[in-house]
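Protein chains in written order, with my numbering: chain Y, 1 to 190; chain V, 1001 to 1190; chain Z, 2001 to 2190; chain P, 3001 to 3190.
Where a beta carbon is used, it is the ideal one built from N, C-alpha and C, also for glycine.
A quick note: this is a predicted structure, and the numbers were derived from the prediction, not measured.
For reference, the structure discussed in these notes is given below.
4 protein chains.
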Amino acid sequence: MKKKQNIIDTATKLFSRQGFDGTTTLQIAREAGVTEPLIYYHFEGKDDLFTHIIENGFKTYFERLESLPTETTTHYEKIENLVALHFKFVRDRPDEIYLAFSTCPAKLKDKSHVCSKKLEKQRQWLGAYLSTCLENGIASNEFHSVQVKETVGLLYALILGIVRQRGLHLNTLKGMSRTTIEFCRRSLVK
Amino acid sequence: MKKKQNIIDTATKLFSRQGFDGTTTLQIAREAGVTEPLIYYHFEGKDDLFTHIIENGFKTYFERLESLPTETTTHYEKIENLVALHFKFVRDRPDEIYLAFSTCPAKLKDKSHVCSKKLEKQRQWLGAYLSTCLENGIASNEFHSVQVKETVGLLYALILGIVRQRGLHLNTLKGMSRTTIEFCRRSLVK
Amino acid sequence: MKKKQNIIDTATKLFSRQGFDGTTTLQIAREAGVTEPLIYYHFEGKDDLFTHIIENGFKTYFERLESLPTETTTHYEKIENLVALHFKFVRDRPDEIYLAFSTCPAKLKDKSHVCSKKLEKQRQWLGAYLSTCLENGIASNEFHSVQVKETVGLLYALILGIVRQRGLHLNTLKGMSRTTIEFCRRSLVK
Amino acid sequence: MKKKQNIIDTATKLFSRQGFDGTTTLQIAREAGVTEPLIYYHFEGKDDLFTHIIENGFKTYFERLESLPTETTTHYEKIENLVALHFKFVRDRPDEIYLAFSTCPAKLKDKSHVCSKKLEKQRQWLGAYLSTCLENGIASNEFHSVQVKETVGLLYALILGIVRQRGLHLNTLKGMSRTTIEFCRRSLVK
DNA sequence: CATGAATGAGATTTCATTCAT
DNA sequence: GATGAATGAAATCTCATTCAT
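Okay, structure coming up:
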C-alpha cells in the first residue's frame, strides 16, 4: 500500500515537471522503486493514473474553495481570500495545482476527459465567485464601477499566471501574496 | 517552398495545442499535406523543427519588445505599452506566443536548450523593463511606493496568465486589454 | 472443494469458447469467483488445468466408447450406435467434447502433449472400430463393397463436423441424429 | 511489396496452425524475414492483418461458389460439384480455408467481427444452395424424400469435417473426394 | 524536392506465476 | 485453503528516423 502511494507521488511530480507525454511508465516505476506492472495492478493504465491524480488534486482544491468564508465584513475580503487560497495551495502542493491548472493541452482536446471537465467546472466556479463579488461590491459602492466580465477575466488570468509561475518555481518571493492583494485592492476599492 | 511553410505552420499549431511530446512527425506531415521524410529534408529532426519555431517566435517577440517607444510622457505609458503589446501579439500569433510562454515543461529540464535560454532571456528583459519603470515611476512620485520585486513578479504573472488564457482561446473578450490597463493604472498611479 | 469444481467448469467453458491462448487465468478466476492463486493451489499451472480437463473429457469419452455394445444383430447397428453416441455426448457435455475434438491447433504442434496423444488414440480407436465394422459388413454382404479407408475417413469427418457444429451451437435441430443415421444406412446397407 | 506478401503468407500459415492468439507478431515477422514494425506499416495491427487474410480467403471462396455451374442435367450434380469444390479448395489453399472454416472461436464471440459475418454468410449461402437442390431433387422424384433441413445440416457438417480434417493434414487419401460423392449419391438418389 | 518502404529503440500493456501472510 | 500484492518475461504497438529511388 505504501508502494501505491509512491507511484502516485512520483507520477504527480513527473507529470507536472515533464508533462504527461514526456513521462514514461518505466520512469515512474523506477523513481517510485517498483516494477512497471505494479502500476497496472493498481491503475488501469497510464491514463487512469493521470486521471486519478487530477481528480484527487481537484477534489482537495474544490474542498478548499467550498470552505472559503461566505460571511465577510467587506466584499474585497472575498477576493483577498481567494487570492490567498491560491498562494497557499501552490505552496502546499505545487505539483498538483500546477497540473490542475495547466495539464498539457493534449488532454484538453478531448472535451469529455475528466481534465477538461474539471477545468471547466473550475472556470465556472471562479467566474461565478468573482462576478458575484464584483457586482455586490459595485452595488454597495465599495468598488469602482469596473466592467465585470473583463475584470473577472483579468483576475482569473492573474491567478492562473501566479499558479504557473510558482508551480514552476520561477518565482519564490515570500511577499508576493501580500503585494498582490494590495495591488488588487488599490485598483478595486474606492 | 510552400510546403516548408506548411510544415512550420502545422507544427506550430500542433505543438501549441498538444505539446511537443504529444505531437508526432507523422501527424505533422499528414496535416501539412507532405510526407514525413520531407520534414527531414528541411529540418534536422523533430527537435530542430521545434527549435526553429521557438527561435522564430522569440525573434519576432523580441523585435517587438525592442521597438517599444523609449520616450514616453509618463512612466505608466511604458507599462501600458507592454501590456498592449502582449494583447496584440497573442491576437496576431496565438500559437507562437503560447508556445513561447509555456512550452511543455519537459523542454525546460535541459537548461541549455534554446527554449530555456530564450525564456530566461525574456524573463530578464521583462524584469529589467518593469523594474526600471517602477523605480522611475516611484522616484518621480508618479507611482505609489510599491515593493518593486514583488510587483514585477505579479505583473509578469498577469501577462503570463493573459497569454495562456487567450492562447488557449479560453477567453476572447474584446475589451480586456483596456480593462487590464486601467486596472493596473488605478493600482499604480497616484 | 466446490471452488475447485468451479474453476474446472469455468475453464472448460472458456477454453472451448475462446481457445486456450485466448483465455487468461485472471478471466477464469474471476468468472469462477475465486482468486488467481487458488488456481495454482489446485493445479500446477494453466497448462496443467487444461490437461486435466482434456484428460477428464477423454476419460468419459473413452468409457462411453468402450461400453458400446459389441454384440449386435447387424453390422450397421454398430455404426448407428457410434453416431448416436456422439450426438448424445455433444448434447450432454458440449464444451468438453468440443474441446476434445478441436482444441486450438496450437496444442497439437507438440506431438507429445496429452492433447495430441489422446486425439491420436481417438483417431486410432474410431478408425479401428469403423474399419472392422465396414470390413465385416462387406464380407457378410450386408454393405455395399465400398472403399474402406476412404469411407472410414469420411465417416470420421462427418462425426467431427457434427460435433463442431453442435458444440458451437450452430445447429440445434432435434431430428438430426435420426436423419444422419438413415442417411448413412441408405448409403451403406444393400 | 514482396515483403508485404511474405507477411500475409507467413501469417496465414501460422494463424491456421497455431490459432490467432497462439501466434505472435514477432514470430510472423521473423518467419517472413522482416522486422515487426513493418507489419504495422502495412496493416493497422495484428487484428487487421488477420481480418485481411480472412476477407481475402472468403473472397476467393465465394468467387468459386458463385461460379459453380447453375445448369446441370441432374440435381445431384449440384451437390457433387459443391463437395468437389471444397475438396479442391482445401487442396489448393489448405490454410486459408481451414482458417475460414474454423477460426479460433475467440473471434466468433464478437458477432460484428468480419469473421462472424462471413461465416454467417457462408452458412446462409450453403444452406440456400443445398435446400434448393434437395427440394428440387425431391420434387422431380430424383431424390428420396428426405427431411430437408436436417439433411442440409448433415451435409454442411460433412463438408465442415472434411475441410478441418484435410486442413489439419490429418487425412490425405487421394480417393476421398470420389468416395464421398458416391456415398452421398447412394444415400440421396433413388 | 519528394516519397514508399523499412527499421532500431523503446513505450505501453498483458499475463502466467509467485510470495508473504 | 485462500488472498492481496508483486514481478519477470514477453506481447503489441508507436515513433523518430533513414534508405533507396
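In terms of beta-carbon proximity, residue 137/Y stays away from the interface with chain V, with every pair separated by 8 Å or more. The straight-line gap separating the alpha-carbon atoms of residue 2182/Z and residue 3182/P is approximately 16 Å.
Neighbours of residue 2156/Z across chain P, judged by C-beta separation under 8 Å: 3161, 3165, 3171. The residue from 2003/Z, 2131/Z, 2018/Z, 2113/Z with its alpha-carbon nearest to that of residue 2155/Z is 2131/Z.
In the DSSP assignment, residue 3045/P falls outside any alpha helix (DSSP H), carrying neither H nor E.
Cβ-Cβ distances below 8 Å link residue 2072/Z to 2078, 2081 in the same chain, with the five nearest sequence neighbours on each side left out; the list follows chain order.
About 15 Å separates the CB atoms of residue 3054/P and residue 3007/P; that is not less than 8 Å, and the two are not in contact. Judged by DSSP in its simplified three-state form, residue 2020/Z adopts coil rather than helix or strand. Residue range 2076 to 2092 is occupied by the alpha helix (DSSP H) that includes residue 2083/Z. Chain-order list of chain V residues neighbouring residue 149/Y: 1173, by C-beta distance under 7 Å.
Distance from the Cα of residue 3002/P is smallest, within the candidate group 3097/P, 3187/P, 3034/P, 3049/P, for 3034/P. The bridge partners DSSP lists for residue 1189/V are 1143/V.
In the assembly as shown, residue 2102/Z is a buried residue. Its beta-carbon has 16 or more other beta-carbons within 10 Å. Contact between residue 144/Y and residue 174/Y is absent: CB atoms are separated by about 29 Å, not below the 8 Å threshold. Of the residues 2159/Z, 2115/Z, 2178/Z, 2042/Z, the one whose Cα lies closest to the Cα of residue 2005/Z is 2042/Z.
Around residue 2180/Z, the beta-carbon contacts reaching into chain P at under 7 Å are 3154. Cβ-Cβ distances below 8 Å link residue 3090/P to 3097, 3098, 3162, 3163, 3166, 3167 in the same chain, with the five nearest sequence neighbours on each side left out; the list follows chain order.
In the displayed model, residue 3072/P falls within coil according to three-state DSSP, outside both helix and strand. In this structure, the straight-line span from the alpha carbon of residue 2153/Z to that of residue 3069/P is close to 28 Å. Assigned with DSSP and collapsed to three states, residue 2163/Z falls in helix. By alpha-carbon distance to residue 1046/V, the top candidate from 1085/V, 1060/V, 1028/V, 1056/V is 1028/V. Around the beta carbon of residue 2180/Z, 16 or more other beta carbons sit within 10 angstroms, so the residue counts as buried.
Rounded to whole angstroms, the gap between the alpha carbons of residue 3124/P and residue 2094/Z is 23 Å. Per DSSP, the continuous alpha helix (DSSP H) segment holding residue 3026/P begins and ends at 3025 to 3032. Neighbours of residue 187/Y across chain V, judged by C-beta separation under 9 Å: 1182, 1183, 1184, 1185, 1186, 1187, 1188. In the structure shown, residue 1149/V falls within a helical segment according to DSSP collapsed to helix, strand and coil. For the pair residue 1014/V and residue 158/Y, the CB atoms are not nearer than the 8 Å cut-off. For residue 1009/V, same chain residues with a beta-carbon under 8 Å away, outside a window of 5 residues either side, are 1032 in chain order. Taking residue 1188/V as the centre and dropping the five residues before and after it, the same chain places the C-beta of 1143 closer than 6 Å to its C-beta, in chain order. At a cut-off of 8 Å between beta-carbon atoms, residue 3090/P makes no contact with chain Z.
Look at residue 45/Y: its C-beta is not under 8 Å from any C-beta on chain V. Sorting 75/Y, 67/Y, 66/Y, 22/Y by C-alpha distance to the C-alpha of residue 50/Y places 22/Y at the top.
Of all residues in the segment 10 to 42 of chain Y, the ones placed with a Cβ closer than 7 Å to any Cβ belonging to chain V are 17, 18, 19, 21, 22, in chain order. Each residue's CA atom was taken as its position, placing residue 1139/V and residue 1151/V some 15 Å apart.
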